[in-house]
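Input: a single structure, listed below in structure tokens.
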Amino acid sequence: MAAFNELVFSGVQPTGNLHLGNYLGAIKRFVEMQNRDAQCLYCVVDMHAITLWQDPQALRGQIREVTAAFLAAGIDPRRSIVFNQSQVPAHAELAWIFNCVARIGWLNRMTQFKDKAGKDRENASVGLYAYPVLMAADILAYRATHVPVGEDQKQHLELTRDIAQKFNTDFAGSIMAHGHGEDGFFPVTEPLIGGPAARVMSLRDGAKKMSKSDASDNSRINLTDDQDLIAQKVRKAKTDPDPLPSEAEGLKGRPEADNLVGIYAALAETTREAVLAQYGGAQFSAFKGALVDLAVEKLSPINAEMKRLTADPGHIDAVLADGAARAEAIAAPTLDAVKDIVGFVRRTRLSPV
Ligand code: TRP
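With numbering that gives the first Met the number 0 as the guide, the letters of the sequence shown map in order to residues 0 to 352.
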């Protein structure tokens with residue numbers, strides 16, 4: 000592997016229905032990260048997906064579909080490492096060790112668990128509870144320094160930093176004894192949250208996140224939606240009666256307007272200010288027309304390429320296998336070092352007795 004200054008890691012769950020929020024908040028930013036002096040790893044986190052029950056046949060399709068979306072959006076599988084989590088055992092192994100570093104009190108504070116488990120917490124899977132620990136293992140198995148994620152993952156990244164720091168202090172002596180620097184073994188990861196679409200909201204309710212599980216399909220634009228469907232959903236999107244403001248300040252208290260302007264800005268790779276400099280004073284009907292054109296222009300090539308790629312699962316599986324081998328080559332030495340640091344006896348090469 001070439002020496003890079005940064006190691007970027009991120010993951011997307013293969014739980015079906017990739018939508019504009021996944022694209023603008025995550026995948027599109029992964030593509031941009033490829034232009035930094037960085038080794039980028041993009042992981043289809045299938046082990047996270049099964050923290051909620053998944054139909055096995057559907058899951059296989061969804062793993063390939065997320066992979067296809069990565070490639071269709073412009074992630075280059077030669078420059079970046081594209082793989083699915085379950086093919087690299089280091090994730091599960093390190094997660095176990097981190098289960099013994101993380102504290103129950105830390106996990107009890109995770110708001111996403113509370114949301115996903117709902118009222119019947121007793122009946123949630125242990126995996127759903129330990130989900131953020133596996134996420135920390137994903138990141139730290141590669142000692143990733145930069146993690147692009149949406150706003151909703153911020154708390155999980157803080158937990159990742161806490162785990163890294165506690166590991167570094169709990170094992171400080173052993174880390175030094177094994178020849179790793181005084182800065183500790185695991186880096187403190189930088190979250191990269193931001194851009195105009197860090198939070199893409201529902202098209203039906205500006206107070207709710209765009210979500211694959213929203214009952215209304217009109218609340219989201221799926222990456223598999225064709226032109227007509229995109230146009231229909233944008234035209235039906237909820238708005239308020241006023242024209243667009245001419246400054247971003249004027250979007251305060253107008254969540255639907257803010258969301259549509261944010262989506263436009265992210266698709267056009269500009270800022271809310273620049274969009275409003277152009278459309279300030281316009282009625283929503285006119286702005287929605289422009290947004291439909293832009294969304295169709297940006298999303299239909301991705302949609303078409305995803306269709307082409309998913310028609311050839313053999314190719315997708317080859318990309319994943321190649322990615323897994325390259326990921327493993329980075330993670331395996333880290334895992335070996337962690338096993339030494341915690342005091343495990345590693346398997347030695349068998350010699351004839
Ligand atoms: N939890 C993330 C999400 O739902 C997905 C994820 C899993 C992830 N492991 C990760 C993101 C590691 C960044 C880094 O969006």
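Ideal placement from N, C-alpha and C gives every residue a C-beta, glycine not left out.
Taking the straight line between their C-alpha atoms, what separation do you get for residue i and residue j?
i: residue 50; j: residue 12; result: 11 angstroms
i: residue 116; j: residue 176; result: 42 angstroms
i: residue 77; j: residue 246; result: 42 angstroms
i: residue 0; j: residue 283; result: Note that residue 0 scores 48 on pLDDT, short of 50, meaning its location in the model is unreliable and no value can be drawn from it.
i: residue 62; j: residue 97; result: 26 angstroms
i: residue 40; j: residue 87; result: 13 angstroms
i: residue 389; j: residue 143; result: Nothing about residue 389 can be read from this structure; the chain reaches only from 0 to 352.
i: residue 169; j: residue 180; result: 15 angstroms
i: residue 226; j: residue 92; result: 44 angstroms
i: residue 47; j: residue 127; result: 8 angstroms
i: residue 252; j: residue 275; result: 16 angstroms
i: residue 157; j: residue 108; result: 11 angstroms
i: residue 309; j: residue 339; result: 42 angstroms
i: residue 153; j: residue 201; result: 20 angstroms
i: residue 346; j: residue 55; result: 34 angstroms
i: residue 131; j: residue 24; result: 19 angstroms
i: residue 343; j: residue 331; result: 15 angstroms
i: residue 167; j: residue 174; result: 8 angstroms
i: residue 137; j: residue 90; result: 6 angstroms
i: residue 101; j: residue 160; result: 11 angstroms
i: residue 133; j: residue 94; result: 5 angstroms
i: residue 31; j: residue 75; result: 11 angstroms
i: residue 229; j: residue 172; result: 57 angstroms
Tell me whether residue i, by its Cβ, gets closer than 7 angstroms to a heavy atom of ligand 1.
i: residue 137; result: yes
i: residue 134; result: yes
i: residue 10; result: yes
i: residue 249; result: no
i: residue 30; result: no
i: residue 43; result: no
i: residue 314; result: no
i: residue 56; result: no
i: residue 148; result: yes
i: residue 61; result: no
i: residue 155; result: yes
i: residue 152; result: yes
i: residue 47; result: yes
Which of helix, strand or coil does DSSP assign to residue i?
i: residue 9; result: strand
i: residue 341; result: helix
i: residue 97; result: helix
i: residue 191; result: strand
i: residue 131; result: helix
i: residue 200; result: strand
i: residue 177; result: coil
i: residue 329; result: helix
i: residue 49; result: coil
i: residue 0; result: Unreliable placement is indicated for residue 0, whose pLDDT of 48 sits below 50; no coordinate value is reported for it.
i: residue 38; result: strand
i: residue 80; result: strand
i: residue 352; result: coil
i: residue 113; result: helix
i: residue 147; result: strand
i: residue 43; result: strand
i: residue 221; result: strand
i: residue 232; result: helix
i: residue 118; result: coil
i: residue 207; result: coil
If residue i sits next to residue j, beta carbons under 8 angstroms apart, how far is it from one beta carbon to the other, in whole angstroms?
i: residue 5; j: residue 145; result: 5 angstroms
i: residue 33; j: residue 85; result: Wrong, their Cβ atoms sit about 24 angstroms apart, outside the cutoff.
i: residue 267; j: residue 250; result: Going by Cβ atoms, the distance from residue 267 to residue 250 rounds to 16 angstroms, so no, they are not a contact pair.
i: residue 190; j: residue 28; result: Between residue 28 and residue 190 the Cβ distance is about 12 angstroms, and since that is not below 8 angstroms, they are no contact.
i: residue 135; j: residue 103; result: The Cβ separation is near 15 angstroms, so there is no contact.
i: residue 194; j: residue 289; result: That belief does not hold up - the Cβ atoms of residue 194 and residue 289 are roughly 20 angstroms apart, past 8 angstroms.
i: residue 140; j: residue 298; result: Wrong, their Cβ atoms sit about 33 angstroms apart, outside the cutoff.
i: residue 198; j: residue 207; result: So it is not a contact: roughly 10 angstroms between Cβ atoms.
i: residue 203; j: residue 221; result: Not a contact, Cβ separation roughly 14 angstroms.
i: residue 214; j: residue 238; result: Actually they do not touch by this definition, with Cβ atoms about 21 angstroms apart.
i: residue 326; j: residue 82; result: 5 angstroms
i: residue 211; j: residue 73; result: Going by Cβ atoms, the distance from residue 211 to residue 73 rounds to 22 angstroms, so no, they are not a contact pair.
i: residue 279; j: residue 319; result: Not confirmed; about 46 angstroms, so no contact.
i: residue 236; j: residue 287; result: 7 angstroms
i: residue 234; j: residue 291; result: 7 angstroms
Any beta-carbon of chain B closer than 8 angstroms to the one on residue i?
i: residue 219; result: Absent from the structure is chain B; it holds one protein chain and no more.
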